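What follows is a single structure, written as structure tokens, with notes after it.
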Amino acid sequence: MNEVITAIRAVPLEHYVVLSLILFSIGMAGVLFRRNTIILLMCIELMFNSVNLLLTAFSAHHGDPGGQVFVFFIMLVAAAEVTVGLAILVMMKRNVDSIDINQINRLRG
Amino acid sequence: MTRDILAALVPALPLAGALVNAAFRRSLKGNTAGLLATLMVAGSFVCGVLLFMGQEVVGAMHDVNMHQQDAHEGPAHVVKLFDWISVGGMDIPFAFRIDALSLTMVLIVTGIGSLIHLYSIGYMHDDERVATFFAQLNLFTFAMLLLVMGANFVITFIGWEGVGLCSYLLIGFWYKNPAYNYAARKAFVMNRIGDLGFVLALAWIFSVLGTLDYGEVMARASSIDTATVTGITLLLFVGAVGKSAQLPLFTWLPDAMAGPTPVSALIHAATMVTAGIFLLTRSSALFMFAPFTQDVVLYTGLVTSLLTASIGVFQNDIKKVLAYSTVSQLGLMFVALGAGAYSVAMFHVTTHAFFKALLFLGAGSVIHALGGEQDIRKMGGLKGTVKVTYVTFLIGTLAIAGIPGLSGFFSKDAILAAAYQEHPAIWVVSLLISLLTCFYMFRLLFLVFFGTYRGKAHPHESPLVMTLPLMVLAVLSIGGGLLNVPHIFGGHEAMKHYLSTAADGIRNERPELSATTEWTLMIITVALILLVILFAWNRFGKKATIDPEADELPFFQRLMARKWLIDELYAKLFERPYAWLSTQLDRTGERAVMVPLMMGPGGAANKAGQLLRRLQSGNTGFYLFGMVVGLIALLAWTLYNA
């Protein structure tokens, strides 16, 4: 376990922050500009994981395992969220025969 | 204690009947509803009789002691149910005053009321809203009982408003006819004018005496200065004018005939319209100290009576004749009140309740027999077909005309005597009114029952449930005079003595006329009445003379047939200016000021909503975009402030 932490510490903290920022931005851009719902879900996961990466990096650099524990929780919740998201996706496909996010505007008044 | 329970039951029973009938009006069948309502009022009547018998003993005892103790209250028994309004110096309990005056009225209201309820079972048999009808009729009885039994002005006022409401509801009972609704509204509005006077009088009494309890007001009436007591009594009289249909507020009563005939009999002849006379008698202690008001009462009554009696001569609607006759008789009662003869007025209230209820129910029976026909020009010759109705109607006519021996003779003669004591000229006018009464009543009788039938319907006698009340009322109309037989006929004026225990005014009435004067007046009256009957027989009995249409009559008669153009006058004087004012206010106030004021902010909110609506596009991508922009803005704001 200690080797992992040493390995993480080998890279300077700024690099993690920049990488995480890049990943998050990619995810956000995907959410904003793509219409395919599967891609949307994947982008959300990407954003999650950029945050996870950041948490792990800070945790290792500060020598506080709390951050890594949080990461596990987040992954757990994300898994649950994905099941729900995919279920919605299936229903959407069945009902409107499309997974285009702009097709689910039936609630419009 | 028993008396307290009985007194509480008297108004409680009709109220219960009204509530049950109103609550189950959809499921109750006609006869059940009617029977329930009738039994409730009859039960109330029984309670009243029990109270009366219990009180008689007290009254007799009081008579013995009356000369020793100068008790202002008389043998009144106040039944306090609960504290009602208790604020600061004001303390108004919900209490009933059981004395000779209130019991007399209770017996009239419930006694005649139960007969009319019984009659209504037959009359309203085919109506689809019969349970509603009986609920309203019971509610009326309840309100009327509150009015007469209240121990203070406020309870009386509740009843006063309650009977007004029920009158409105029942006049407009057949609400699908717009004319009937108009009549109901007219009655309500005119009553409100009177009610305003009543309320102001109450406020004034309270500000002067600090109490509204009858007993205390009566006891302290003499302590008020003349100007104040004149003002108070004038305002009370305004209330009485509205309720009892006197000039200038009488025009609602003839229109009130739009209601079902039992309603006309109960509310607009026997009970509610006499509330004004009751109120004046109740507060006679105040009126005694206001001679000016008494004069106003007398002349208002006299003019109203003469005017409406003359209108009655040319009416062709059977109920309208009776309605004008009622206003005219009420006017005579006010003449008696104005002359200070309170017991005489109450006596005429009683006998009038008997024979006018009888006449109205008889008219209802005729209308029923002819399938809704009310025009006397299309009647005639009904003597043979509706025998019971004919005989009872004849008795009622003889009673109201003042044929010696019948009830109307005694009470009308007493009024004429009181008028003579006031001034012989007033006696002459009152006599003229009685002769007119006699004339139009016999015209009605002859045109309806004599000659040959001029209509097309097939007359049939009414069922027993309707004729039975007629018979009972006929007996009362004959014998009602025995209640108050004057001394010259060897009587003791029993009713006057009984009532004198309740009202100061009656104890202070003038002594009777000398026997010679009274005999002379009576003989003149009776002779003239017989002459008038002969004249009416010549004109309408032997061969029915139908008066031509109003336009073809000579000027004076045309004025009478057109009701002295009073309705037209009011239309010009009040209705049109009011409508004009309303139109002007609609144009200036409503449309120029109120509408922009209200619609401005409303319209702005509407516009804003329409603009904001576009944000709710339903496009998920747009929402996500909004969310991200919002988050970035939030972050930026946090960073900026950090």
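Top to bottom, those sequences are chains A and B. Residues 5 to 113 in our numbering are what the first sequence spells out, letter by letter. Residues 101 to 742 in our numbering are what the second sequence spells out, letter by letter. Even glycine gets a Cβ: it sits at the ideal position worked out from N, Cα and C. Because the structure is a prediction, the values reported are computed rather than measured.
Would residue 736(B) be called buried (16 or more neighbouring beta carbons within 10 Å of its own) or exposed? Working through the second sequence from its first residue, we reach residue 736(B) at position 636. It is exposed - the Cβ of residue 736(B) has fewer than 16 other Cβ atoms within 10 Å.
Any chance you could list the alpha helix (DSSP H) runs of at least 4 consecutive residues sitting entirely within the region 497-541 of chain B, in chain order? 507-522
Give the DSSP-derived three-state secondary structure of residue 416(B) in the structure shown. On the second sequence, position 316 is the one that residue 416(B) refers to. DSSP places residue 416(B) in coil when its eight states are reduced to three.
For residue 737(B), report the span of its alpha helix (DSSP H) as first-last. As a working mapping, residue 737(B) is identified with position 637 in the second sequence. Residues 720-741.
Who are the near neighbours of residue 539(B) in its chain, counting only those whose CB is closer than 8 Å to its CB and skipping five residues on each side? Residue 539(B) sits at position 439 when you count from the first residue of the second sequence. Only 413, 632, 635, 636 meet the Cβ criterion.
Is it right to say residue 618(B) is buried, meaning 16 or more other beta carbons lie within 10 angstroms of its own, or is it exposed? Position 518 of the second sequence, counted from the start, is the residue given in the question as residue 618(B). Label assigned to residue 618(B): buried.
If you follow the alpha helix (DSSP H) that residue 655(B) is part of, which residue opens it and which one closes it? Locating residue 655(B) in the second sequence gives position 555, counting from the first residue. 655-661 is the extent of the alpha helix (DSSP H) around residue 655(B).
Integer-rounded CB distance, given that residue 218(B) should sit under 8 Å from residue 148(B): Within the second sequence, numbered from 1, the residue matching residue 148(B) stands at position 48. Within the second sequence, numbered from 1, the residue matching residue 218(B) stands at position 118. Rounded, the Cβ-Cβ distance is 17 Å, inconsistent with contact.
Tell whether a beta-carbon distance below 7 Å holds between residue 511(B) and residue 577(B). Counting from 1 along the second sequence, the entry for residue 511(B) is found at position 411. Counting from 1 along the second sequence, the entry for residue 577(B) is found at position 477. No, these two residues do not count as a Cβ contact at 7 Å.
Could you tell me the distance, in whole angstroms, from the CA atom of residue 567(B) to the CA atom of residue 687(B)? Along the second sequence, one-based indexing puts residue 567(B) at 467. Along the second sequence, one-based indexing puts residue 687(B) at 587. Rounded to the nearest angstrom, the two C-alpha atoms are 57 Å apart.
Looking at the C-beta of residue 43(A), does it have a partner C-beta in chain B at a distance below 7 Å? The residue given as residue 43(A) occupies position 39 in the first sequence. Chain B contact via Cβ: absent.
Listing by chain order, which chain B residues have their CB less than 9 Å from the CB of residue 40(A)? The residue labelled residue 40(A) in the question sits at position 36 within the first sequence. Residues of chain B passing the Cβ test: none, with the nearest at roughly 11 Å.
In chain A, what lies closer than 9 Å to residue 706(B) by C-beta? Position 606 of the second sequence, counting from 1, holds the residue named residue 706(B). Ordered by position in chain A, no residue passes the 9 Å Cβ test against residue 706(B), which lies about 16 Å from the chain.
Can residue 433(B) and residue 445(B) be called in contact, C-beta distance under 7 Å? Residue 433(B) sits at position 333 when you count from the first residue of the second sequence. Residue 445(B) sits at position 345 when you count from the first residue of the second sequence. For residue 433(B) and residue 445(B), yes; Cβs fall inside 7 Å.
Straight-line Cα distance separating residue 151(B) from residue 209(B): Within the second sequence, the letter at position 109 stands for residue 209(B). Within the second sequence, the letter at position 51 stands for residue 151(B). Going by the C-alpha atoms only, they are around 15 Å apart.
Taking all protein chains shown into account, do 16 or more other C-beta atoms lie within 10 angstroms of the C-beta of residue 245(B), making it buried, or fewer, making it exposed? The sequence position of residue 245(B) within the second sequence is 145, counting from 1. So residue 245(B) counts as buried.
Cross-chain neighbours of residue 105(A) in chain B, by beta carbon under 7 Å: Taking the first residue of the first sequence as position 1, residue 105(A) is located at position 101. Going along chain B in sequence order, the residues near residue 105(A) (Cβ under 7 Å) are 720, 721.
By the 8 Å beta-carbon criterion, what residues does the region 722-741 of chain B contribute toward chain A? 724, 725, 728
Option in 353(B), 561(B), 143(B) with minimal Cα separation from residue 212(B): By one-based count along the second sequence, residue 212(B) stands at place 112. If we check each option's Cα against that of residue 212(B), 143(B) comes out closest.
Measure the alpha-carbon distance for residue 743(B) versus residue 297(B) and round it to whole angstroms. A query on residue 743(B) cannot be resolved here, the shown segment of chain B reaching from 101 to 742 and no further.
Mind checking who residue 48(A) pairs with in its DSSP beta bridge? Start at 1 with the first residue of the first sequence, and residue 48(A) comes out as number 44. In the DSSP output, where bridge partners are listed per residue, residue 48(A) has none listed.
Please list the partners that residue 114(A) has in chain B, where partner means a Cβ-to-Cβ separation under 9 Å. An answer regarding residue 114(A) cannot be provided, because it is not within the stretch 5 to 113 covered by chain A.
Name the DSSP beta bridge partners of residue 197(B), please? For the purposes of this step, residue 197(B) is taken as residue 97 along the second sequence, with counting starting at 1. Answer by DSSP bridge pairing, in chain order: 178(B).
Identify the contact partners of residue 130(A) in chain B, using a Cβ-Cβ distance below 7 Å as the criterion. Since the first residue shown for chain A is 5 and the last is 113, residue 130(A) is missing from the structure and cannot be characterised.
Range of the contiguous alpha helix (DSSP H) that encloses residue 584(B): One-based indexing of the second sequence puts residue 584(B) at position 484. Run containing residue 584(B): none; DSSP gives neither H nor E here.
CB-CB under 7 Å to residue 159(B), same chain, minus the five flanking residues each way: which ones, in chain order? Along the second sequence, one-based indexing puts residue 159(B) at 59. Here the model assigns residue 159(B) a pLDDT of 48, short of 50, so the residue's position is not dependable and the matter cannot be decided.
Is it the case that the region 256-275 of chain B contacts the region 284-295 of chain B, given that we only count it when at least three CB pairs across the two stretches are under 8 Å? yes
Who are the neighbours of residue 108(A) on chain B, taking C-beta pairs under 7 Å? Position 104 of the first sequence holds residue 108(A). In chain order: 720.
Going by beta-carbon coordinates alone, are residue 241(B) and residue 250(B) separated by less than 7 Å? In the second sequence, counting from the first residue as 1, residue 241(B) sits at position 141. In the second sequence, counting from the first residue as 1, residue 250(B) sits at position 150. No, they are not a contact pair.
Comparing C-alpha positions only, which one of 113(B), 270(B), 282(B) sits nearest to residue 214(B)? As a working mapping, residue 214(B) is identified with position 114 in the second sequence. Ranking 113(B), 270(B), 282(B) by Cα distance to residue 214(B) puts 113(B) first.
Taking the alpha-carbon positions, what's the residue 660(B) to residue 407(B) distance? Locating residue 660(B) in the second sequence gives position 560, where the first residue counts as 1. Locating residue 407(B) in the second sequence gives position 307, where the first residue counts as 1. Near 8 Å, if we compare the C-alpha coordinates of residue 407(B) and residue 660(B).
Is residue 630(B) near the ligand PLP, going by C-beta to nearest heavy atom under 6 Å? The model depicted lacks the ligand PLP and carries no ligand whatsoever.
Does the distance from the CB of residue 481(B) to the CB of residue 557(B) come in under 7 Å? Along the second sequence, one-based indexing puts residue 481(B) at 381. Along the second sequence, one-based indexing puts residue 557(B) at 457. No.
Nearest residue (CA-CA) to residue 141(B), options 129(B), 220(B), 125(B), 183(B): Stepping through the second sequence from its first residue, residue 141(B) is reached at position 41. If we check each option's Cα against that of residue 141(B), 220(B) comes out closest.
Just checking, does the region 488-505 of chain B make contact with the region 460-468 of chain B on the three C-beta pairs under 8 Å criterion? yes
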